[in-house]
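Colleague: This structure is in structure tokens; I'll ask about it shortly.
Protein chains in written order, with our numbering: chain L, -2 to 372; chain Z, -2 to 372.
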């Protein structure tokens, strides 16, 4: 499918070593992004809680998901940032096996920046494969690839559908979050720079003809100015045909107040919400539904997409109402524990017996009663 | 479908008030369970992290999911415990609307203990409805019911299928976790009491003919003794036909060591894992995949099912490899924030530009470049 014949789909140690040959500027950019992502995600390690009372101790412990698969789309460009956004939290979580699947170029290679980033993250198990077949290989395993427990990462419609299918199969693999086209909503008042706003909308529009592009403006003159900037700036983009398709179904929402703008954002639940308004800090507490919020005129979305340190795998399509961006906890699960002394048992036994009776569950009650008579 | 004609499916204030009429023992049992569940879950409130460096501030804030639906199955008995296990963390999370759906009895009423527990949790929006149609009403809304964002709770195969269908629909509602039959795995050594072990296996078996019942034993004589106890104890149960069907496909796994037993548990990833062994505390750190772990001879699973304070909505069917039990975080999501000063922007801009170039995303780069020339 990738138009290439491979002897071995596994990336060799030699190939990984070659990856050190990057120019200094690229190397430094990847390292800076890595460090910023690492530092913010390092703070996300969960702290277990413990409760002791009346002879019963309750607590939860977090464990890394043992085997995780990271799907990194290929195609036109090496998505180094997506690799960092997934491998860094997986590494911090402590996943035993971090497996990367990414389609090879026509010459059978994986771009050096991807291999360099994988090296940085300590990822050594990399397969040259893409598409729905890569998801199947990760979810079910093959003769050469051991199956994984959960699959992360973006992809085209085939990849997305495959992820959903294997997640519904108990013998498959869980998925990170439901997928949908990327979105940005910019709330802008008269303090905003129409050129900045237009550039931010275009940065989203170049991703996907189906991308969601929404400007929430407090006056129509400002919206017109943004439109003029869009018309001008789009001419200079290489991905102009994608961006213009996305803009065709873009929206301008005119509101009377910042509160109304927040109400629009909460109903839409955008993946990215940019607050290019003077009083941004006054409305933060009212934002209920959004994936990632960018505050102020200098917080271009691209900063968070690449390097500031927040995760760029964010719920889209309204799913921010119930889902969070990827993070360390996406690569972990908790286990509940309870330790019960004889005294603790005797103390709680009558409560458990009464509730089991109420629910008509005899055997539940019996499992308590049989312990009552024994020391 | 429930064989009853209702004038109003909404539980009235009068009905909720009547719910105070419970006998003292029942009232006290529900209150004790409520308090224990509340106290343990109260510790689960997430604490947001914040990172400031080089003019960029990153943090996450947690928000309650605004509208949640709790499905409480009806049928033979009032599942008070399930209501508590879901409504308590929803309340702690701060969900604005907590909606309960539960099928009415033939006389059109909801059992008093359910209403009493709902009162305790401050839940006042209760609908007398069950089955797939209740899930649809919650997910999509009706003329009288406002839609919810996420649906929690167990149910029969129709309810489970309905939850999955609405979760796949972007206009539907998210679900708590994939469902499967309930399971228990008991690891027992010679320190265990075969009568206790048998009682614990039966407590699981009475739930469902498809329940997973697994004994991991260190010697075959002990396993035989448990079998004898099962044969004897099952005779006295009201739900003997369900329990015996579950036992028909139950498993006994004989292992040579406690380490081997843990390996079996990690591969199976049981919903409930009981450690009826002398050296339980030595193996806790090795348990990687399990929903809820019960330690020692007095920690009957029924304690956790009802009243000790841990959650009883736990991943089944191997999903404990990637999912956690329900908790406060199940009723919340996080939002990422970043605030960027002009200095912060200038500091990170070259990194972002280089990475955008590398990924061939012009407009991303342009959204940074356009800000570079402006003060």
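All C-beta atoms in this analysis are idealised placements derived from N, C-alpha and C, irrespective of residue type, glycine included.
Could you tell me which residues DSSP puts in a beta bridge with residue 269(L)?
Modeller: As a position in the first chain, residue 269(L) is number 272, starting the count at 1. In the DSSP output, where bridge partners are listed per residue, residue 269(L) has 181(L), 289(L).
Colleague: Taking a contact to mean a Cβ-Cβ separation below 7 Å, would you say residue 324(L) touches residue 45(L) in this structure?
Modeller: For this step, residue 324(L) is matched to residue 327 along the first chain. For this step, residue 45(L) is matched to residue 48 along the first chain. Taking 7 Å as the Cβ cut-off, residue 324(L) and residue 45(L) do not qualify as a contacting pair.
Colleague: Considering only the alpha carbon of each residue, which of 209(L), 147(L), 319(L), 330(L) lies closest to residue 145(Z)?
Modeller: Along the second chain, one-based indexing puts residue 145(Z) at 148. Among 209(L), 147(L), 319(L), 330(L), the Cα nearest to that of residue 145(Z) belongs to 319(L).
Colleague: Name the DSSP beta bridge partners of residue 124(Z), please?
Modeller: Residue 124(Z) sits at position 127 when you count from the first residue of the second chain. According to DSSP, which records beta bridges pairwise, residue 124(Z) is partnered with 7(Z), 98(Z).
Colleague: At a CB distance below 7 Å, what residues from the region 241 to 263 of chain Z approach chain L? Give them in sequence order.
Modeller: Correct list: empty, as no residue qualifies.
Colleague: Are residue 351(Z) and residue 26(L) close, meaning C-beta to C-beta below 7 Å?
Modeller: Walking along the second chain from the start, residue 351(Z) turns up at place 354. Walking along the first chain from the start, residue 26(L) turns up at place 29. Yes, the pair counts as a contact, with Cβ atoms nearer than the cut-off.
Colleague: For a test of the three-state rule: what should DSSP assign to residue 231(Z), helix, strand or coil?
Modeller: Against the second chain, residue 231(Z) aligns to sequence position 234. Helix at residue 231(Z).
Colleague: Under a CB-based cut-off of 7 Å, is residue 155(L) close to chain Z?
Modeller: The residue you call residue 155(L) lines up with position 158 of the first chain. It does not: the Cβ of residue 155(L) has no partner Cβ on chain Z nearer than 7 Å.
Colleague: Which runs of the alpha helix (DSSP H) at least 4 residues long sit entirely within the region 21 to 65 of chain L? Give them in chain order.
Modeller: Runs found: 21 to 39.
Colleague: Can you find a C-beta in chain Z that's less than 7 Å from the C-beta of residue 188(L)?
Modeller: Within the first chain, the letter at position 191 stands for residue 188(L). It does not: the Cβ of residue 188(L) has no partner Cβ on chain Z nearer than 7 Å.
Colleague: Chain L partners of residue 146(Z), CB-CB under 8 Å?
Modeller: Translated into positions along the second chain, residue 146(Z) becomes position 149. Those are 318, 319, listed as they occur along chain L.
Colleague: For a quick check, are the C-beta atoms of residue 55(L) and residue 79(Z) less than 7 Å apart?
Modeller: Sequence index remark: in the first chain, residue 55(L) carries index 58 (1-based). Sequence index remark: in the second chain, residue 79(Z) carries index 82 (1-based). Their beta carbons are not under 7 Å apart, which means residue 55(L) does not touch residue 79(Z) by this criterion.
Colleague: Residues of the region 52 to 82 of chain Z in Cβ contact with chain L at a cutoff of 7 Å, in chain order, please.
Modeller: Residues 53, 55, 60, 62, 63, 73, 74, 75, 76, 77, 78.
Colleague: Can you give the Cα-Cα distance for residue 254(Z) and residue 316(L), rounded to whole angstroms?
Modeller: What you label residue 254(Z) is simply residue 257 of the second chain in a count that begins at 1. What you label residue 316(L) is simply residue 319 of the first chain in a count that begins at 1. Residue 254(Z) and residue 316(L): Cα-Cα distance of roughly 46 Å.
Colleague: Relative to the alpha-carbon of residue 299(Z), which residue among 264(L), 342(L), 310(L), 181(L) has its alpha-carbon at the smallest distance?
Modeller: One-based indexing of the second chain puts residue 299(Z) at position 302. It is 342(L) whose Cα lies nearest to the Cα of residue 299(Z).
Colleague: At 4 residues or longer, what runs of the alpha helix (DSSP H) sit wholly inside the region 152 to 220 of chain Z?
Modeller: Qualifying alpha helix (DSSP H) stretches, in chain order: 154 to 165, 191 to 202.
Colleague: Check the Cβ-Cβ distances between residue 336(L) and every residue of chain Z, and say whether any is below 7 Å.
Modeller: Counted from its first residue, the first chain places residue 336(L) at position 339. For residue 336(L), the answer is yes, since a Cβ of chain Z falls inside 7 Å of its Cβ.
Colleague: Taking the alpha-carbon of residue 97(Z) as reference, which of 201(Z), 114(Z), 103(Z) has the nearest alpha-carbon?
Modeller: Your numbering for residue 97(Z) matches position 100 in the second chain. When only C-alpha atoms are compared, the closest one is 114(Z).
Colleague: Under three-state DSSP, which class holds residue 142(L)?
Modeller: The sequence position of residue 142(L) within the first chain is 145, counting from 1. Looking at residue 142(L) - three-state DSSP - the assignment turns out to be coil, as it is neither helix nor strand.
Colleague: Identify, in the order they occur along the chain, each residue of the same chain with its Cβ nearer than 7 Å to the Cβ of residue 297(L), setting aside the five sequence neighbours on each side.
Modeller: The residue you call residue 297(L) lines up with position 300 of the first chain. Around residue 297(L): 197.
Colleague: With DSSP run on the structure shown, which of helix, strand or coil describes residue 334(L)?
Modeller: What you label residue 334(L) is simply residue 337 of the first chain in a count that begins at 1. Reduced to three states, the DSSP call for residue 334(L) is strand.
Colleague: Can the beta-carbon of residue 16(L) be found closer than 7 Å to that of residue 61(L)?
Modeller: Position 19 of the first chain holds residue 16(L). Position 64 of the first chain holds residue 61(L). Their beta carbons are not under 7 Å apart, which means residue 16(L) does not touch residue 61(L) by this criterion.
Colleague: Would you decide whether residue 217(Z) is buried or exposed? Buried here means 16 or more other CB atoms lie within 10 Å of its CB.
Modeller: Looking up residue 217(Z) in the second chain gives position 220. Residue 217(Z) comes out exposed.
Colleague: For residue 107(Z), which of helix, strand or coil comes out of DSSP?
Modeller: In the second chain, counting from the first residue as 1, residue 107(Z) sits at position 110. The answer is coil: DSSP assigns residue 107(Z) none of H, G, I, E or B.
Colleague: Looking only at its own chain, which residues have a Cβ that is under 8 Å from the Cβ of residue 51(L), when we skip the five neighbours before and after it?
Modeller: Mapped onto the first chain, residue 51(L) falls at position 54. Correct list, in chain order: 340, 341, 344, 345.
Colleague: Count the C-beta pairs between the region 121 to 131 of chain L and the region 20 to 39 of chain L that are closer than 8 Å, then say yes if the count reaches three, no if not.
Modeller: No, because fewer than three Cβ pairs between the region 121 to 131 of chain L and the region 20 to 39 of chain L fall closer than 8 Å, the two stretches do not touch.
Colleague: Kindly indicate if chain Z contains any beta-carbon less than 7 Å away from that of residue 272(L).
Modeller: Position 275 of the first chain, counted from the first residue, corresponds to residue 272(L). No, its Cβ sits nowhere closer than 7 Å to a Cβ of chain Z.
Colleague: Determine which residues of the region 226 to 239 of chain Z have a Cβ less than 8 Å from any Cβ of chain L, and write them out in chain order.
Modeller: Those would be 230, 233, 234, 235, 236, in chain order.
Colleague: Among 164(L), 49(L), 1(L), whose alpha-carbon lies nearest the alpha-carbon of residue 103(L)?
Modeller: By one-based count along the first chain, residue 103(L) stands at place 106. The candidate whose alpha carbon is nearest that of residue 103(L) is 1(L).
Colleague: List, in order along the chain, the chain Z residues whose C-beta lies closer than 7 Å to that of residue 88(L)?
Modeller: Numbered from its first residue, the first chain carries residue 88(L) at position 91. Neighbours of residue 88(L) on chain Z: none; closest Cβ ~17 Å, over 7 Å.
Colleague: Should residue 370(Z) go down as buried or exposed, given a rule of 16 or more other Cβ atoms within 10 Å for buried?
Modeller: Here residue 370(Z) corresponds to residue number 373 of the second chain, with the count starting at 1. Exposed: under 16 other Cβ atoms inside 10 Å.
Colleague: Quick check on residue 349(L): does DSSP put it in helix, strand or coil?
Modeller: Working through the first chain from its first residue, we reach residue 349(L) at position 352. Reduced to three states, the DSSP call for residue 349(L) is helix.
Colleague: With distance defined between alpha-carbon atoms, name the residue in 88(L), 116(L), 111(L), 48(L) nearest to residue 100(L).
Modeller: The count along the first chain starts at 1 and reaches residue 100(L) at position 103. Among 88(L), 116(L), 111(L), 48(L), the Cα nearest to that of residue 100(L) is on 111(L).
Colleague: Around the Cβ of residue 173(Z), are there at least 16 other Cβ atoms within 10 angstroms (buried) or fewer (exposed)?
Modeller: Sequence index remark: in the second chain, residue 173(Z) carries index 176 (1-based). With 16 or more other Cβ atoms within 10 Å, it is buried.
Colleague: Would you kindly check if the distance between the Cβ of residue 67(L) and the Cβ of residue 149(L) is under 7 Å?
Modeller: Here residue 149(L) corresponds to residue number 152 of the first chain, with the count starting at 1. Here residue 67(L) corresponds to residue number 70 of the first chain, with the count starting at 1. A contact, by the Cβ cut-off of 7 Å.
Colleague: Consult DSSP for residue 68(L) and reduce its assignment to one of helix, strand or coil.
Modeller: Stepping through the first chain from its first residue, residue 68(L) is reached at position 71. Strand at residue 68(L).
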